[in-house]
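Novice: If you scroll down you'll find the structure; I have some questions about it.
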Amino acid sequence: MTKLKNLFYLLAFGGTLLAIKFLLIDKIFPQFPNDAGIWFTSGLLLVILGVFVTEKYFTRSLDVLVNVITLIVVLLTLDKPELFRLWDAVFFYCIAVGILALISFVLYDEQKDQNLSSQKIADMSGTVARFLGSSRLLFSIVFILSIFNYFVFSIEKSQLITKEQVAVLVLIIFWGAVLLVEPIDRRFIQPLFDRATRKNRDKLVGKVVRRISPNIIVAEQLPNISTPSAGTLMALNRLRPTNGDHGRALMYLYSQDTENSRHAFFFALDSSPDEVSEDIYVHSIEVDAQRAIAARFPDNEIIRNRSNLVGFVDSGSDIDILKIKMIEGVDNEKRIKEGDLVSVSFYGSPTKYQIINVQTASEAVQGTNKQGGKIITAQQIGAWQTDKQKFEDMGWVPEINAPVFIESAGEEVELIDKNCYRVGVVPKSSYPIYINLEECVTHHIAIIGKTGTGKSRMSAKIIEKMAQIGYQIIIFELDRKHAQSLTRYIDSSLVEEQASDAFDLSKTTKPIVSINLQVDAKAKGTTGTVNLSDIAAGLIEKVIQYQIKDETKKICIAMEEAYDFIPESTFGSQAFGQPTVSRISQMVLKCRKHNIGLLVITQRTALVTKTILYQCHTIIALQSFDETSKNFMGAYINQRYLDSMSILPRFRAIVVGKGSSCDKPVIVDFFDPKLATPNATARAAATIP
0 MTKLKNLFYL
10 LAFGGTLLAI
20 KFLLIDKIFP
30 QFPNDAGIWF
40 TSGLLLVILG
50 VFVTEKYFTR
60 SLDVLVNVIT
70 LIVVLLTLDK
80 PELFRLWDAV
90 FFYCIAVGIL
100 ALISFVLYDE
110 QKDQNLSSQK
120 IADMSGTVAR
130 FLGSSRLLFS
140 IVFILSIFNY
150 FVFSIEKSQL
160 ITKEQVAVLV
170 LIIFWGAVLL
180 VEPIDRRFIQ
190 PLFDRATRKN
200 RDKLVGKVVR
210 RISPNIIVAE
220 QLPNISTPSA
230 GTLMALNRLR
240 PTNGDHGRAL
250 MYLYSQDTEN
260 SRHAFFFALD
270 SSPDEVSEDI
280 YVHSIEVDAQ
290 RAIAARFPDN
300 EIIRNRSNLV
310 GFVDSGSDID
320 ILKIKMIEGV
330 DNEKRIKEGD
340 LVSVSFYGSP
350 TKYQIINVQT
360 ASEAVQGTNK
370 QGGKIITAQQ
380 IGAWQTDKQK
390 FEDMGWVPEI
400 NAPVFIESAG
410 EEVELIDKNC
420 YRVGVVPKSS
430 YPIYINLEEC
440 VTHHIAIIGK
450 TGTGKSRMSA
460 KIIEKMAQIG
470 YQIIIFELDR
480 KHAQSLTRYI
490 DSSLVEEQAS
500 DAFDLSKTTK
510 PIVSINLQVD
520 AKAKGTTGTV
530 NLSDIAAGLI
540 EKVIQYQIKD
550 ETKKICIAME
560 EAYDFIPEST
570 FGSQAFGQPT
580 VSRISQMVLK
590 CRKHNIGLLV
600 ITQRTALVTK
610 TILYQCHTII
620 ALQSFDETSK
630 NFMGAYINQR
640 YLDSMSILPR
650 FRAIVVGKGS
660 SCDKPVIVDF
670 FDPKLATPNA
680 TARAAATIP
């Protein structure tokens, strides 16, 4: 039914009900008690809530709750409920149905695995509640009971036809008409109207030529047929379908042109392979029929989320990598880019994949004709666990031709665990990626990236978060007065300075200690290159000695431009500080036992000893060009992500490792690029999440 027609029926039946009350019932039964008016109330609710407004197509659990609460209020307003037979039964019936609806409403979560016991209970209780609590059934019970309780005595006292009997008969006829008008309209009135006006008739779109998969149907489109928009619902039927029979449901995906024809691709919602034959055609249908189809599949994800459909699972997919046959033109419409998130459901859960590549491909359309297309490559990052606030690897692959949807930003997810730092969000989504700071301390963390990518700002915010939750941080930094130094991004009220030769952790009054490194001639090699390994080793030994006395506190040692303190053997002279670096490596191995962690910050991994870098089990990698950084990251991420490292935009990073909230590597937007403007350093640093 159209909205206009629904309004007409609502006014017609509402007006009829008022006429019956004031022109018939009130005059024939003037002495009846006020409670007898429940017939009118239940009838009005049946018309408004049941047929023409809230439950035109289907009943939701929330609708059942509204129905039950409304009817309970009506029952409680009766002056003498004892005169209403079965009042107790109806009341407790409402309570029972309301409890079932409430259970379904509270427990059901479409994001959870539908095989969970809680979801099975929600589904079963919802099914029962929607049947027993539909307004058609609920208010019909009260309407009929009110007639028998207050009016039926007039039929019993005389066998002759009386005006009282006529009035009761009119009430019953009204009730039947309200319930029957919708199916009569759908099967008789609307088809008759269509024939009379020759408008709003289904149009022939094309003839089915083949089915390329269980769900994908191809039709040869007729000439002069305008191309519908993606997601339009259509019907699969005979050439001349009977009136009102819209056949099987299809959803239009895209069209491809060949030399002599155009082929339209459809997703079959409920048709079987044996239904595709020479006399099967695709018909366009009117908006009302499309709504009716959508109502037939209230839980069908592809209908519910068709505006975000981007393609289907293609061959060549595996547990980690998803190949997606992209719907033609959807990339321009959705502005799809590397790093965007897509979703596909299997095992009852929507599993997220991150786009890491796209390739062009061609396929045969008809005979030797070929049509170009695009194949998206996406890496699985897992299913989002709301209770744990993290992604978990699903460890399997979806069915071929399963629909794939693009994710979009929603309501921001607030972190529950205060011991975690929110690195950023997966691009164009609201899913946060965070690192567990305790894991970062016990298993060390490294932040790598070329100059200007934002690694110092990120490091500063991680350090501030550590200080906020009670960690002690010691910063090793050579050129602290430089405009881009690490400490300049940190809240100065949290920082105190100590000289390296007078360093004493027991005398600190603030959570962050910045070491004022005393560099003399002994700290320089023959080439004049600064070697701070000896100083760093001495400071780390002091930290360990201090921590051994009381290991309850967690300490993090941050090394800005770590190659100044733990250089690789190939950096400078082969013997330049290497015995000391080896000693530092041994100390770092023991640090985790004493709740001491390392935060390694560097722009080039080639210059930092790999013995320590490989002890960092959480990595945040920003844009890097050098092959050494890629080779180092090759131990953590696959080749596709490695290829992305050199083209990562500013304020985008790859997060991977033990401390990450995602079991897989993931690309993250960690900073608002709108703030990356000249003279905005202080403001930007203050607003990083």
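Taken in order, the sequence shown gives residues 0 to 688; the numbers are from numbering that gives the first Met the number 0.
Each residue gets a CB set at the ideal place from its N, CA and C atoms; glycine is no exception.
Bear in mind the structure is a predicted one, so any value in this text is a computation, not a measurement.
Buried or exposed for Asp62, please, with buried defined as at least 16 other CB atoms from any protein chain shown within 10 angstroms of its CB.
Specialist: Around the C-beta of Asp62, 16 or more other C-beta atoms lie within 10 Å, and the residue is accordingly described as buried.
Novice: Does Gly13 come out as helix, strand or coil in the three-state DSSP assignment?
Specialist: helix
Novice: Considering only residues of the same chain and omitting the five flanking positions on each side of Tyr253, which have a CB-CB separation below 6 Å?
Specialist: Phe264, Ile326 and Glu327
Novice: Tell me whether the segment 443–455 and the segment 616–623 touch, counting them as touching only if at least three CB pairs, one residue from each stretch, are closer than 8 Å.
Specialist: yes
Novice: Taking DSSP as the reference, what is the three-state secondary structure of Asn242?
Specialist: Unreliable placement is indicated for Asn242, whose pLDDT of 49 sits below 50; no coordinate value is reported for it.
Novice: Assess, as a yes-or-no matter, whether the segment 459–468 is touched by the segment 632–643 under the definition of 3 or more beta carbon pairs within less than 8 Å.
Specialist: Short answer: they don't touch.
Novice: Going residue by residue through the segment 263–317, where are the continuous beta strand (DSSP E) segments of at least 3 residues, counting only ones entirely within it?
Specialist: 279–283 and 308–312
Novice: The beta strand (DSSP E) that contains Lys548, what's its start and end?
Specialist: Looking at the DSSP string, Lys548 is not in any beta strand (DSSP E); the run it does join, the alpha helix (DSSP H), is Ser532 to Lys548.
Novice: Is the Cβ of Pro182 closer than 8 Å to any Cβ of chain B?
Specialist: Here chain B cannot be found, since the structure has a single protein chain.
Novice: Does the segment 464–472 touch the segment 554–569, meaning 3 or more C-beta pairs lie closer than 8 Å?
Specialist: Enough Cβ pairs lie closer than 8 Å, so yes.
Novice: Among Thr231, Ser316, Asp269 and Ser103, which residue has its Cα nearest to the Cα of Asn694?
Specialist: Past the boundaries of the shown model lies residue 694; the chain is included only from 0 to 688, so the question cannot be answered.
Novice: On the criterion of 16 or more Cβ atoms from any shown chain inside 10 Å, does Gln471 qualify as buried, or is it exposed?
Specialist: buried
Novice: Below 8 Å CB to CB, which residues in the same chain sit around Glu540 once its five sequence neighbours on both sides are set aside?
Specialist: Met586
Novice: How is Val396 classed by DSSP in three states: helix, strand or coil?
Specialist: coil
Novice: Can you tell me whether Asp668 is helix, strand or coil according to DSSP?
Specialist: strand
Novice: Considering only the beta carbon of each residue, do Ile301 and Met233 sit closer than 8 Å?
Specialist: no
Novice: For Gly338 versus Arg651, is the C-beta spacing smaller than 8 Å?
Specialist: It is a contact, given that the beta carbons lie within the stated cut-off.
Novice: Determine the direct distance from the alpha carbon of Leu144 to that of Leu16, and round the result to whole angstroms.
Specialist: 17 Å
Novice: What are the partner residues of Cys419, as DSSP defines its beta bridges?
Specialist: Asn435
Novice: Helix, strand or coil: which one does DSSP assign to Pro182?
Specialist: Helix, per DSSP.
Novice: Is Phe7 helix, strand or coil when you go by DSSP?
Specialist: DSSP places Phe7 in helix when its eight states are reduced to three.
Novice: Flag this pair as touching only if the segment 285–292 and the segment 303–321 have three or more C-beta atom pairs under 8 Å; answer yes or no.
Specialist: no
Novice: For Val580, tell me which candidate among Val607, Lys589 and Ile120 has the shortest Cα-Cα distance.
Specialist: Val607
Novice: Can you grab the Cα-Cα spacing for the pair Leu414 / Arg591, in whole Å?
Specialist: When only Cα atoms are considered, Leu414 and Arg591 end up about 26 Å apart.
Novice: What are the partner residues of Gln497, as DSSP defines its beta bridges?
Specialist: For Gln497, which the question treats as bridged, DSSP gives the partners Ile514.
Novice: What does the alpha-carbon distance come out to for the pair Leu504 and Asp563?
Specialist: 22 Å
Novice: Whose C-beta lies closer than 8 Å to the C-beta of Thr441 among residues of the same chain, with five residues either side of it excluded?
Specialist: Arg591, Asn594 and Gly596
Novice: In the DSSP assignment, find the unbroken beta strand (DSSP E) run with Phe390 in it and report its ends.
Specialist: Lys389 to Glu391
Novice: My guess is that Glu438 and Gly658 are in contact by the Cβ rule of under 8 Å, so how many angstroms apart are they, rounded?
Specialist: 4 Å
Novice: Rounded to whole angstroms, what's the CA-CA distance from Thr367 to Cys661? Just pull it up for me.
Specialist: Confidence at Thr367 is low in this model, with a pLDDT of 49, below 50, so the placement of that residue should be treated as unreliable; the coordinate-derived value is given next. Between Thr367 and Cys661, the C-alpha separation is close to 45 Å.
Novice: With 16 as the cutoff for other CB atoms within 10 Å, does Ala501 come out buried or exposed?
Specialist: exposed
Novice: Which residues share a DSSP beta bridge with Asp490?
Specialist: Its beta-bridge partners do not exist; DSSP assigns none.
Novice: Identify the residues that DSSP records as bridge partners of Ser455: which are they?
Specialist: None, per the DSSP bridge assignment.
Novice: Leu606 lies in the beta strand (DSSP E); which residues open and close that run?
Specialist: No beta strand (DSSP E) holds Leu606; DSSP gives it neither H nor E.
Novice: Leaving out the 5 sequence neighbours to the left and right, which residues in its chain are closer than 8 Å to Glu567 when beta-carbon positions are compared?
Specialist: Ala605, Leu606, Val607, Thr608 and Lys609, listed in sequence order.
Novice: Going by DSSP, name the residue or residues bridged to Asp256.
Specialist: As computed with DSSP, Asp256 is found in a beta bridge with Arg261.
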